[in-house]
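Structure first, then comments.
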Amino acid sequence: MRRTRTSPLSTLLARLAALVGLVVLGALCPGMAQAAAQESGVQAAAGLHISNGRLVESNGNDFVMRGVNHAHTWYPNELRSLADIKAQGANTVRVVLADGHRWTANTASDVADVVAQCKANRLICVLEVHDTTGYGEDSAAGTLDQAADYWIGLKNVLAGQENYIIINIGNEPWGNTDPAGWTAPTIAAIQKLRNAGLAHTIMVDAPNWGQDSQQVMRTNAKAVYAADTTGNLIFSIHMYSVYDTAAEITDYLNAFVSAKLPILIGEFGGPADQWGDPDEDTMMATAEQLHIGYLAWSWSGNTDPSLDLVLNFDPAQMTSWGKRVFNGANGIAQTAKEATIFGGGSTDTQAPTAPGTPTASAVTATSARLTWTASTDNVGVAGYDVVRVSGGTETKVAASTTNSVTVTGLTAGTAYSFAVYARDAAGNRSARSATVGVTTANAPAGSCSVGYKVVGEWQGGFQGEIVVRNTGTAAVTGWKLGFTFADGQTVSTMWGGTAAQSGGSVTVTPASYTNTIAAGGSVTVGFIGTKGATNTAPAAFTLNGAACVNG
Numbered sequence: 010m011r012r013t014r015t016s017p018l019s020t021l022l023a024r025l026a027a028l029v030g031l032v033v034l035g036a037l038c039p040g041m042a043q044a045a046a047q048e049s050g051v052q053a054a055a056g057l058h059i060s061n062g063r064l065v066e067s068n069g070n071d072f073v074m075r076g077v078n079h080a081h082t083w084y085p086n087e088l089r090s091l092a093d094i095k096a097q098g099a100n101t102v103r104v105v106l107a108d109g110h111r112w113t114a115n116t117a118s119d120v121a122d123v124v125a126q127c128k129a130n131r132l133i134c135v136l137e138v139h140d141t142t143g144y145g146e147d148s149a150a151g152t153l154d155q156a157a158d159y160w161i162g163l164k165n166v167l168a169g170q171e172n173y174i175i176i177n178i179g180n181e182p183w184g185n186t187d188p189a190g191w192t193a194p195t196i197a198a199i200q201k202l203r204n205a206g207l208a209h210t211i212m213v214d215a216p217n218w219g220q221d222s223q224q225v226m227r228t229n230a231k232a233v234y235a236a237d238t239t240g241n242l243i244f245s246i247h248m249y250s251v252y253d254t255a256a257e258i259t260d261y262l263n264a265f266v267s268a269k270l271p272i273l274i275g276e277f278g279g280p281a282d283q284w285g286d287p288d289e290d291t292m293m294a295t296a297e298q299l300h301i302g303y304l305a306w307s308w309s310g311n312t313d314p315s316l317d318l319v320l321n322f323d324p325a326q327m328t329s330w331g332k333r334v335f336n337g338a339n340g341i342a343q344t345a346k347e348a349t350i351f352g353g354g355s356t357d358t359q360a361p362t363a364p365g366t367p368t369a370s371a372v373t374a375t376s377a378r379l380t381w382t383a384s385t386d387n388v389g390v391a392g393y394d395v396v397r398v399s400g401g402t403e404t405k406v407a408a409s410t411t412n413s414v415t416v417t418g419l420t421a422g423t424a425y426s427f428a429v430y431a432r433d434a435a436g437n438r439s440a441r442s443a444t445v446g447v448t449t450a451n452a453p454a455g456s457c458s459v460g461y462k463v464v465g466e467w468q469g470g471f472q473g474e475i476v477v478r479n480t481g482t483a484a485v486t487g488w489k490l491g492f493t494f495a496d497g498q499t500v501s502t503m504w505g506g507t508a509a510q511s512g513g514s515v516t517v518t519p520a521s522y523t524n525t526i527a528a529g530g531s532v533t534v535g536f537i538g539t540k541g542a543t544n545t546a547p548a549a550f551t552l553n554g555a556a557c558v559n560g
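Here the working numbering is used: the first residue of the sequence shown is 10, the next is one more, and so on.
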């Protein structure tokens, strides 16, 4: 059977109201299940596992997945494609399997052959059950519990392969109907696999046909992660036409990375379809910037060949989509590194020394220049990552190949704490430097005022409204509003504008119908957000970098 992509976008607007009724089991934060596992005496899995929010190999080296999806269960005679996929530079392949609910089950011997072929071609193998696709909306779909039983039935095949495979419990295991129902079955399936003794890294897909357009996985990620007592769980977001702006992509991925919750883009597309035009350039660039994995859909065999990377399983017939994924900017050929279990990578396991404490200069309302004493390394320092530190949370804000960088996009009159990591070419990362405090200058006064209010609140969430007034004598067009949340709030959905968020800092750019604020006029922006116990209003706002009066 050939697969055609589906999208939740056509039903999203009709279901936005359901956000208010979501039962929130947890919010993103840096709490780690691995710490709980250590306290309870549970041993982390050998082989591929999660460490400090990242996927690593048994030797502790980062492993960043760069690869594609392959529709094995529908094309069982095309297993030779694994060699072709490897030849394009991939280090990972996600293999479509079936548990027998919707499609004929892949047998134990077949799965063993898939694993053997992955290993022979030096590919890390993500195995997934596809029968769960769209459960709750597609009546033919199976459950995560049925998928878990399938994996348990393969225990003898999977055991001992922890260095080479990841178990993706079920593909896109919930449609758009009541996506909040995804959380409990996902937790139950994870625990069922662990109770059965499977020690592999487990991957879980989001609801809303994998795209989490209603933010259920994002909201409940902490609770789901904590359900795995080994801490060896990674989240998979599928990015298609729902993710057609840079802000949506960067906001979603940064939220997980900042919270040290492991994530990758388990499927993504680039070609435009009837629902929209995915922003694959931002997906790939952000994945590279954050050092997280991506797996393109798919090698070949789609009903609509626009999503085929090659036609007819023939690498000589590479499509424009395939050329983009394999050979374009931030593509597989440029960024993939073979797993060290196959002899890839470097034998260098020594991390650089910690950088010196950074010093700040040239501090403005929106930027600051940081300089630090360079690190040393037995081979050589490849670069530095600058992070903003807020309590136990880190957010990457800049990168540099030298021992200085200018951090931009800051909020006026705001206190920040920054630190630096060094990294070498083998991916080894230093200890963090000491922190430096920076308070940005106050913004110049502008001809604007901003009114902020909470329209309604519920457990874990709220609805906000922002009224931006132009108190000047000339119209303002193409504006940018800036403010900072103090209590860890995040913007989930916005109308009247588009939000981009890094840590607590939020910038809002206008929608087409709010792009111009007439002299003496105003525009209104509304949003749905997540919150903890405290929900303090932002203390200050800027419009195009100038300070606005509150009220």
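Every residue gets a Cβ at the ideal spot worked out from N, C-alpha and C, and that includes glycine.
Next item on the list: Label SER439 either buried or exposed according to how many other C-beta atoms from any shown protein chain fall within 10 Å of its C-beta, with 16 as the threshold for buried.
Entry: buried
Item checked: Coarse secondary structure for LEU318, derived from DSSP in three states -> coil
Next item on the list: Return the chain-ordered list of same chain residues with a C-beta closer than 8 Å to the C-beta of TYR493, the five sequence neighbours on each side being excluded.
Entry: The residue asked about is misnamed: residue 493 is Thr in this sequence, not Tyr. Result list for THR493: THR420, THR423, GLY513, SER514, VAL515, PRO547, ALA548 and ALA549, in chain order.
Next item on the list: With DSSP as the reference, label GLY40 as helix, strand or coil.
Entry: Because GLY40 carries a pLDDT of 40, less than 50, the predicted location of this residue cannot be relied on, and the following value inherits that uncertainty. Correct three-state label for GLY40: coil.
Notebook entry, point to check: Measuring CB to CB, does PRO367 end up less than 9 Å from SER442?
Noted result: yes
Checklist line | Inter-residue Cα distance where the pair is ALA215 and GLY455 | finding: 43 Å
Check: If you check the beta carbons only, do LEU304 and PHE277 fall under 9 Å apart?
Finding: yes
Next item on the list: Hey, could you find the ends of the beta strand (DSSP E) THR291 is sitting in?
Entry: Premise fails: THR291 lies in the alpha helix (DSSP H), 289 to 299, not in any beta strand (DSSP E).
Notebook entry, point to check: If you compare alpha carbons, which of SER309, VAL396, MET248 and THR228 is closest to GLY561?
Noted result: Since the displayed the chain opens at 10 and closes at 560, residue 561 lies outside it and no answer follows.
Notebook entry, point to check: Do ALA256 and THR533 come within 9 Å of each other at the CB atom, strictly closer than that value?
Noted result: no
Check: For GLN498, which residues of its own chain have a beta-carbon under 6 Å away from its beta-carbon, when the five flanking residues on both sides are left out?
Finding: GLY538 and LYS540
Checklist line | Assigned exposure category for TYR173 - 16 Cβ within 10 Å defines buried | finding: buried
Next item on the list: Output the distance between the C-alpha atoms of GLU66 and VAL459, rounded to the nearest integer angstrom.
Entry: 49 Å
Item checked: Local Cβ density within 10 Å of ALA556, reported as buried at 16 or more and exposed below that -> buried
Notebook entry, point to check: Quick one: what's got a C-beta closer than 6 Å to MET293's C-beta in the same chain, skipping five residues either side?
Noted result: ASN339
Margin query: The beta strand (DSSP E) that contains TRP467, what's its start and end?
Written below: 454 to 467
Notebook entry, point to check: Between HIS139 and ASN180, is the Cβ-Cβ spacing less than 9 Å?
Noted result: yes
Next item on the list: State the start and end residues of the unbroken alpha helix (DSSP H) segment that holds PRO194.
Entry: 192 to 204
Next item on the list: Pull up the distance between the alpha-carbon of ASP187 and that of GLY145, whole angstroms please.
Entry: 8 Å
Notebook entry, point to check: Rounded to whole angstroms, how far is the Cβ of LYS462 from the Cβ of GLU474, which I believe are closer than 8 Å?
Noted result: 5 Å
Next item on the list: Could you tell me the distance, in whole angstroms, from the CA atom of MET327 to the CA atom of LEU318?
Entry: 6 Å
Next item on the list: Would you kindly report the start and end of the unbroken alpha helix (DSSP H) that includes TYR234?
Entry: 225 to 235
Notebook entry, point to check: Alpha carbon to alpha carbon, how far is THR195 from CYS457?
Noted result: 47 Å
Next item on the list: Look at the alpha carbon of GLU403 and the alpha carbon of GLN170, and state the distance between them as a whole number of angstroms.
Entry: 33 Å
Notebook entry, point to check: In angstroms, rounded to a whole number, what distance separates the CA positions of ALA230 and PHE265?
Noted result: 8 Å
Notebook entry, point to check: So LEU490 is in the alpha helix (DSSP H); what residue range does that whole segment cover?
Noted result: Premise fails: LEU490 lies in the beta strand (DSSP E), 490 to 493, not in any alpha helix (DSSP H).
Check: Looking at C-alpha atoms only, which residue of ASN61, SER309 and ALA296 is the closest neighbour of ASN86?
Finding: SER309
Checklist line | N-terminal and C-terminal residue of the beta strand (DSSP E) that PHE471 is part of | finding: 470 to 479
Notebook entry, point to check: Which residues in the same chain as ALA542 place their Cβ atom closer than 6 Å to its Cβ, once the five residues preceding and following it in sequence are excluded?
Noted result: none
Margin query: I need the straight-line Cα distance from ASN553 to THR375, nearest angstrom please.
Written below: 11 Å
Next item on the list: Under 8 Å by Cβ, that's how I've got GLY562 and ASN524 pegged, so tell me the actual separation to the nearest angstrom.
Entry: The chain is shown from 10 up to 560; residue 562 falls before or after that span and cannot be answered.
Checklist line | Expected contact under 8 Å - CB spacing of ASN130 and ALA92 to nearest Å | finding: 5 Å
Check: In angstroms, rounded to a whole number, what distance separates the CA positions of ASN559 and VAL135?
Finding: 51 Å
Next item on the list: Could you work out which residue in LYS128, LEU106 and ARG111 is closest to ASP119 when comparing CA atoms only?
Entry: LEU106
Note to self: In chain order, what are the residue ranges of uninterrupted beta strand (DSSP E) at least 3 long that sit wholly in the stretch 127 to 158?
What the structure shows: 133 to 138
Checklist line | Reference ASN70; option with closest CA among GLU347, ALA450 and ASN451 | finding: GLU347
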